[in-house]
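A.B. asks:
2 protein chains.
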Amino acid sequence: MPMPADVMDLETPCLLLDEQRLRANVARMKTHLASLGVAFRPHLKTAKSLDVARIAMTSPSGPATVSTLREAEYFAAGGVRDMIYAVGIAPAKLPRVSAIRAAGADLAVILDSIEQADAVAAHATRTGDAIPALIEIDADGHRSGVAPDDAATLVAIGQRLATGGAALRGVLLHAGDSYALNNPAAIADAAEAERIAAVTAANALRSAGLPCPIVSVGSTPTARYARDLTGVTEVRAGVFMFGDLYQAGVSSVDFGDIALSVLATVIGHQKAKGWIIVDAGWMALSRDRGTAKQAVDQAYGQVCDLAGRLYPDLVVADANQEHGIVALRKGAAAALPDLPIGARIRILTNHACATGAQYDRYHVLDAAGAVSAVWPRVNGW
Amino acid sequence: MPMPADVMDLETPCLLLDEQRLRANVARMKTHLASLGVAFRPHLKTAKSLDVARIAMTSPSGPATVSTLREAEYFAAGGVRDMIYAVGIAPAKLPRVSAIRAAGADLAVILDSIEQADAVAAHATRTGDAIPALIEIDADGHRSGVAPDDAATLVAIGQRLATGGAALRGVLLHAGDSYALNNPAAIADAAEAERIAAVTAANALRSAGLPCPIVSVGSTPTARYARDLTGVTEVRAGVFMFGDLYQAGVSSVDFGDIALSVLATVIGHQKAKGWIIVDAGWMALSRDRGTAKQAVDQAYGQVCDLAGRLYPDLVVADANQEHGIVALRKGAAAALPDLPIGARIRILTNHACATGAQYDRYHVLDAAGAVSAVWPRVNGW
Chain A
321 MPMPADVMDL ETPCLLLDEQ RLRANVARMK THLASLGVAF RPHLKTAKSL DVARIAMTSP
381 SGPATVSTLR EAEYFAAGGV RDMIYAVGIA PAKLPRVSAI RAAGADLAVI LDSIEQADAV
441 AAHATRTGDA IPALIEIDAD GHRSGVAPDD AATLVAIGQR LATGGAALRG VLLHAGDSYA
501 LNNPAAIADA AEAERIAAVT AANALRSAGL PCPIVSVGST PTARYARDLT GVTEVRAGVF
561 MFGDLYQAGV SSVDFGDIAL SVLATVIGHQ KAKGWIIVDA GWMALSRDRG TAKQAVDQAY
621 GQVCDLAGRL YPDLVVADAN QEHGIVALRK GAAAALPDLP IGARIRILTN HACATGAQYD
681 RYHVLDAAGA VSAVWPRVNG W
Chain B
321 MPMPADVMDL ETPCLLLDEQ RLRANVARMK THLASLGVAF RPHLKTAKSL DVARIAMTSP
381 SGPATVSTLR EAEYFAAGGV RDMIYAVGIA PAKLPRVSAI RAAGADLAVI LDSIEQADAV
441 AAHATRTGDA IPALIEIDAD GHRSGVAPDD AATLVAIGQR LATGGAALRG VLLHAGDSYA
501 LNNPAAIADA AEAERIAAVT AANALRSAGL PCPIVSVGST PTARYARDLT GVTEVRAGVF
561 MFGDLYQAGV SSVDFGDIAL SVLATVIGHQ KAKGWIIVDA GWMALSRDRG TAKQAVDQAY
621 GQVCDLAGRL YPDLVVADAN QEHGIVALRK GAAAALPDLP IGARIRILTN HACATGAQYD
681 RYHVLDAAGA VSAVWPRVNG W
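Which chain is which? The protein sequence lines are A and B, in order. Numbering-wise, this note's numbering comes out as the position in the first sequence, counting from 1, plus 320. Numbering-wise, this note's numbering comes out as the position in the second sequence, counting from 1, plus 320.
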């Protein structure tokens, strides 16, 4: 892909990734998890990039977590050999899973029902591919999963898998409700609840004589603030690599560590209204308004200069498909900066996963703020 | 692209497009606009597909409207020869505009400031490319544009363009505030206000001896309900082709005419909560929650069976990245349908432009509900 070295020469809107911050965020997480004695299986659903994965993973072959089979295919082609597809498996997807496995990657699936276990077992019997499966556990009522104390269902699933020639690989939890918290103590408590649920479920399987080699937990907030992970074997987390305004509101990433921003150009003004119009609308920023329910609503994003310094109280107040309306927050003391037609800004957005998905590539910034690389992304399914 | 003929054989999530409804929506709009004596310049920002464009346009070479230069390049390569890039031009984008024009497409830009007019004129002088420009007029305080009664600015922009060797092509308006309405009479009034603003601005230019061959208005609601377009030469509209729950809430498309849906597979249940988990989360549906402020909040979408028949009161109540939580509306009288693991549903979403952008292709359904074609989309910038 063509690559101008100066951000002023990039086509806008485009996606900027600060490599130094990315590497620091990853290094901090790895150090923290190593100190807790657990493996790290980064979730690649935010980055969807082999270049980022190679920084995030603890080895070039993994382990890693993916959210789509297209990701699994892409990362397998890039040499990743140990992956969990962490969305409940649909039976119709099993042939595609087996194709990825046949190409050399150890791809595991997750499930939370006897029906799915029977489907995986039947597929294993039919094809001879002993697909490994983890049982999803419901840590906090957030979404999917077997209740951690429902030993009967856990054991029934494990037995169906084993009997049918599939492999029980362990249990997996996602403390999704931790995203609604906003302080380290509460998040640490959520991490402990996640750990207890994980260990409870794992023990139920082991007490029935079933294997449970992997005990996998994870979310960016709980990964950061977990104090003790005894009984857990690995942690998954993804959005922490880039950070975003939502995670900053949760206090699971620090504002100054946000590595992802959207580069935009000023294309107009409505001076009487105090509006600066830019060429990054919701298509470029995503429709995600996750901070709307947080203590500080960041609208469609916070506006920074090209060096990444915040303009005080300047936000993307509203967005149409290809237009962003930049304005001061209501009641702001700051003055509207002088940003003429053609001036460029960087925008920090609500949700790195959603913003990233609007792009097919990252423009990578080095420590001097120059564009050092273009890294492709894999979107879709 | 590979193409199974049965929707049960498609990988999910994927995007379904009902060709019969698409063609009916387009035919209705063309008939309506022809009866008003105006040209139709369909906005291709929703579809981003040459296959759809060829149905929507009144000739294979246009006219058409685009929202990105990548669309302009893609449609130009596909034979479209008359386009307006309907987002205020940034000076740094002019070389790319000229490259598209040099390849044979008559691509026009829009602007609303003297600074932009000077930049376009300077570019024209330097390169000899007499880029045509329309002046954007602010119909309703919605976004960009010169006030229709600000004759001094309009004439100054026109003169700067002409003096510099660029071409004044006319005026362009977008009645964006019509999206906040919800009944035909109010929308018809908004269309009349848009028409008056357009004619006022065009007359200001003509009174100063400047040309104004194009008087371009448009939005899906005003295009549908305009009663009289005297003085207007063309209408732009795009989302009407597909329709969505938001436009149904505005009453600018009929619910039964919605042509776009997301195909999803059931991957789990939380029976105690009345939840059915599907593999279409916000990545597949988009984060757009435009109906949240309408009389009927459709959550992340309404659930239909494979034939497109609504399940009463069944919606995607919440969404994570790759998980949709399907549930009955609060207080619904209907019973939760029996949708086992592997069952498939179709989901109507809030906003066709946003949902479409999550995909790189359409799976096209024929009148019998079979998959008859795969049409690619062009995303990004």
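A virtual CB, placed ideally from N, CA and C, is assigned to each residue, including glycine. None of the values given here were measured: they were computed from a predicted structure.
Where do the ends of the alpha helix (DSSP H) carrying M349 of chain B lie?
C.D. replies: For the purposes of this step, residue 349 of chain B is identified with residue 29 of the second sequence, where counting begins at 1. From DSSP, the alpha helix (DSSP H) with M349 of chain B extends over 339-355.
A.B. asks: Nearest-angstrom Cα distance between L634 of chain A and A467 of chain A?
C.D. replies: As a first step, residue 634 of chain A must be located in the first sequence, where it is residue number 314. As a first step, residue 467 of chain A must be located in the first sequence, where it is residue number 147. Their backbone Cα atoms lie some 45 angstroms apart in a straight line.
A.B. asks: Interface residues of chain A around E642 of chain B at Cβ under 8 angstroms?
C.D. replies: In the second sequence, the residue the question calls residue 642 of chain B occupies position 322. In chain order: K365, S387, T388, V407.
A.B. asks: Less than 8 angstroms between C-beta atoms, sequence neighbours within five positions excluded: which residues of the same chain meet that for L656 of chain B?
C.D. replies: For the purposes of this step, residue 656 of chain B is identified with residue 336 of the second sequence, where counting begins at 1. G594, I596, L634, A647, L648, listed in sequence order.
A.B. asks: Beta-carbon within less than 7 angstroms of V542 of chain A's beta-carbon, same chain only, minus the 5 sequence neighbours each way: which residues are those?
C.D. replies: Within the first sequence, numbered from 1, the residue matching residue 542 of chain A stands at position 222. Checking the sequence shown, residue 542 of chain A turns out to be Thr, not Val. So the list reads A495, S498, I507, A510, A511, E514, once near-sequence residues are dropped.
A.B. asks: Anyone know if the C-beta pair for W602 of chain B and Q641 of chain B falls short of 8 angstroms?
C.D. replies: Here residue 602 of chain B refers to the residue found at position 282 of the second sequence. Here residue 641 of chain B refers to the residue found at position 321 of the second sequence. Against a cut-off of 8 angstroms, the Cβ pair of Q641 of chain B and W602 of chain B comes out as a contact.
A.B. asks: Given that Y566 of chain A touches chain B, what residues does it touch there, using C-beta distances under 8 angstroms?
C.D. replies: One-based indexing of the first sequence puts residue 566 of chain A at position 246. Ordered by position in chain B, no residue passes the 8 angstroms Cβ test against Y566 of chain A, which lies about 12 angstroms from the chain.
A.B. asks: Return helix, strand or coil for L488 of chain B, following the three-state DSSP convention.
C.D. replies: Counting from one through the second sequence, the residue named residue 488 of chain B turns up at place 168. It is a strand residue.
A.B. asks: Compute the Euclidean distance between the alpha carbons of L454 of chain B and Y394 of chain B, then round it to the nearest angstrom.
C.D. replies: Here the question's residue 454 of chain B lines up with position 134 in the second sequence. Here the question's residue 394 of chain B lines up with position 74 in the second sequence. Roughly 22 angstroms between the two C-alpha positions.
A.B. asks: Ordered along the chain, which non-local residues of its own chain (more than five positions away) have a Cβ less than 6 angstroms from that of A672 of chain B?
C.D. replies: Within the second sequence, residue 672 of chain B is the residue found at index 352, counting from 1. Correct list, in chain order: T366, V559, F562, D564, L580.
A.B. asks: Hey, A592 of chain A and Y620 of chain A: beta-carbon distance below 8 angstroms or not?
C.D. replies: Here the question's residue 592 of chain A lines up with position 272 in the first sequence. Here the question's residue 620 of chain A lines up with position 300 in the first sequence. Result no, Cβ atoms of A592 of chain A and Y620 of chain A do not sit closer than 8 angstroms.
A.B. asks: Looking only at its own chain, which residues have a Cβ that is under 6 angstroms from the Cβ of F575 of chain B, when we skip the five neighbours before and after it?
C.D. replies: The residue given as residue 575 of chain B occupies position 255 in the second sequence. The answer, listed in chain order, is A568.
A.B. asks: Please name the residue in B:I667, B:A472, B:R544 whose C-alpha comes closest to that of N502 of chain B.
C.D. replies: For the purposes of this step, residue 502 of chain B is taken as residue 182 along the second sequence, with counting starting at 1. It is B:R544.
A.B. asks: Would you say E331 of chain B reaches chain A, if we count a Cβ-Cβ gap shorter than 8 angstroms as a contact?
C.D. replies: Indexing the second sequence from 1 puts residue 331 of chain B at position 11. Chain A, which has a Cβ nearer than 8 angstroms to the Cβ of E331 of chain B, makes this yes.
A.B. asks: For chain B, find out if any of its Cβ atoms is closer than 8 angstroms to the Cβ of D608 of chain A; answer yes or no.
C.D. replies: Counting from 1 along the first sequence, the entry for residue 608 of chain A is found at position 288. At least one C-beta of chain B is nearer than 8 angstroms to the C-beta of D608 of chain A.
A.B. asks: With DSSP as the reference, label D326 of chain B as helix, strand or coil.
C.D. replies: For the purposes of this step, residue 326 of chain B is taken as the residue at position 6 of the second sequence. Look at D326 of chain B here: in three-state DSSP terms it is coil, with no helix or strand label.
A.B. asks: Assign R374 of chain B to buried or exposed, taking buried as 16 or more other Cβ atoms, counted over all protein chains shown, within 10 Å of its Cβ.
C.D. replies: Translated into positions along the second sequence, residue 374 of chain B becomes position 54. Burial call: exposed.
A.B. asks: Once you ignore the five residues that flank V598 of chain B on each side, which residues in its own chain have a CB closer than 7 angstroms to its CB?
C.D. replies: To locate residue 598 of chain B, count along the second sequence from 1; it is residue 278. The residues are A584, T585, V586, I587, G644, V646, I665.
A.B. asks: Can you give the beta carbon distance from T385 of chain B to P362 of chain B, rounded, assuming they're within the 8 angstroms contact cut?
C.D. replies: As a position in the second sequence, residue 385 of chain B is number 65, starting the count at 1. As a position in the second sequence, residue 362 of chain B is number 42, starting the count at 1. With 8 angstroms as the limit, T385 of chain B and P362 of chain B qualify as a contact, their Cβ atoms being about 7 angstroms apart.
A.B. asks: Mind listing the chain A neighbours of I645 of chain B? Cutoff is C-beta to C-beta under 8 angstroms, in chain order.
C.D. replies: The residue labelled residue 645 of chain B in the question sits at position 325 within the second sequence. Near I645 of chain B (Cβ distances below 8 angstroms), the residues of chain A are R463.
A.B. asks: With R681 of chain B as the anchor, note down where its beta strand (DSSP E) starts and where it stops.
C.D. replies: Translated into positions along the second sequence, residue 681 of chain B becomes position 361. Its beta strand (DSSP E) spans residues 681-685.
A.B. asks: Which of the three DSSP states, helix, strand or coil, is assigned to A579 of chain B?
C.D. replies: Taking the second sequence and counting its residues from 1, the one referred to as residue 579 of chain B is at position 259. Three-state DSSP puts A579 of chain B in coil, outside helix and strand.
A.B. asks: Please confirm if P452 of chain A has its CB atom under 8 angstroms from at least one CB of chain B.
C.D. replies: Translated into positions along the first sequence, residue 452 of chain A becomes position 132. Chain B contact via Cβ: absent.
A.B. asks: Among B:V552, B:D577, B:T447, which has the Cα closest to the Cα of N345 of chain B?
C.D. replies: Within the second sequence, numbered from 1, the residue matching residue 345 of chain B stands at position 25. Considering only alpha carbons, the answer is B:D577.
A.B. asks: Take L431 of chain A as the anchor and find which of A:A693, A:A476, A:A423, A:K368 has the nearest alpha-carbon.
C.D. replies: Residue 431 of chain A sits at position 111 when you count from the first residue of the first sequence. Per the Cα distances, A:A476.
A.B. asks: Given that E393 of chain A touches chain B, what residues does it touch there, using C-beta distances under 9 angstroms?
C.D. replies: Taking the first residue of the first sequence as position 1, residue 393 of chain A is located at position 73. Per Cβ cutoff of 9 angstroms: no residues; E393 of chain A is ~11 angstroms from chain B at best.
A.B. asks: At the 8 angstroms Cβ level, is Y679 of chain A part of the contact set with chain B, yes or no?
C.D. replies: The residue you call residue 679 of chain A lines up with position 359 of the first sequence. Yes, because at least one Cβ of chain B sits closer than 8 angstroms to the Cβ of Y679 of chain A.
A.B. asks: Which class does I661 of chain B belong to by DSSP, given the choice of helix, strand or coil?
C.D. replies: Position 341 of the second sequence, counting from 1, holds the residue named residue 661 of chain B. In the three-state reduction of the DSSP assignment, I661 of chain B falls in the coil class, being assigned neither a helical nor a strand state.
A.B. asks: Can you look up H643 of chain B in the DSSP assignment and give me helix, strand or coil?
C.D. replies: The count along the second sequence starts at 1 and reaches residue 643 of chain B at position 323. Reduced to three states, the DSSP call for H643 of chain B is coil.
A.B. asks: Looking at chain A, is there any beta carbon in it that lies within less than 8 angstroms of the beta carbon of W695 of chain B?
C.D. replies: On the second sequence, position 375 is the one that residue 695 of chain B refers to. Cβ-Cβ to chain A under 8 angstroms: no for W695 of chain B.
A.B. asks: Counting only beta-carbon atoms, is A660 of chain B nearer than 8 angstroms to chain A?
C.D. replies: Taking the second sequence and counting its residues from 1, one reaches residue 660 of chain B at position 340. Note that residue 660 of chain B is Pro in the sequence shown, not Ala. So yes, P660 of chain B belongs to the interface.
A.B. asks: State the DSSP-derived secondary structure class of C532 of chain A, mapped to helix, strand or coil.
C.D. replies: Numbered from its first residue, the first sequence carries residue 532 of chain A at position 212. In the structure shown, C532 of chain A sits in coil (DSSP, three-state: anything other than H, G, I, E or B).
A.B. asks: Can you check whether the C-beta of P531 of chain B is within less than 8 angstroms of a C-beta belonging to chain A?
C.D. replies: On the second sequence, position 211 is the one that residue 531 of chain B refers to. No, P531 of chain B lies away from the interface with chain A (no Cβ there is under 8 angstroms from its Cβ).
A.B. asks: Distance cutoff 8 angstroms, beta carbons only. Does P657 of chain A sit that close to anything in chain B?
C.D. replies: As a working mapping, residue 657 of chain A is identified with position 337 in the first sequence. No, P657 of chain A does not count as interfacial toward chain B.
A.B. asks: Between A:L356, A:A627, A:I667, A:I404, which has its C-alpha nearest A546 of chain A's C-alpha?
C.D. replies: Residue numbering aside, residue 546 of chain A sits at position 226 when the first sequence is read from its first letter. With distances taken between Cα atoms, A546 of chain A lies closest to A:L356.
A.B. asks: Less than 8 angstroms between the C-beta atoms of A674 of chain A and S571 of chain A, yes or no?
C.D. replies: Taking the first residue of the first sequence as 1, we reach residue 674 of chain A at position 354. Taking the first residue of the first sequence as 1, we reach residue 571 of chain A at position 251. Against a cut-off of 8 angstroms, the Cβ pair of S571 of chain A and A674 of chain A comes out as no contact.
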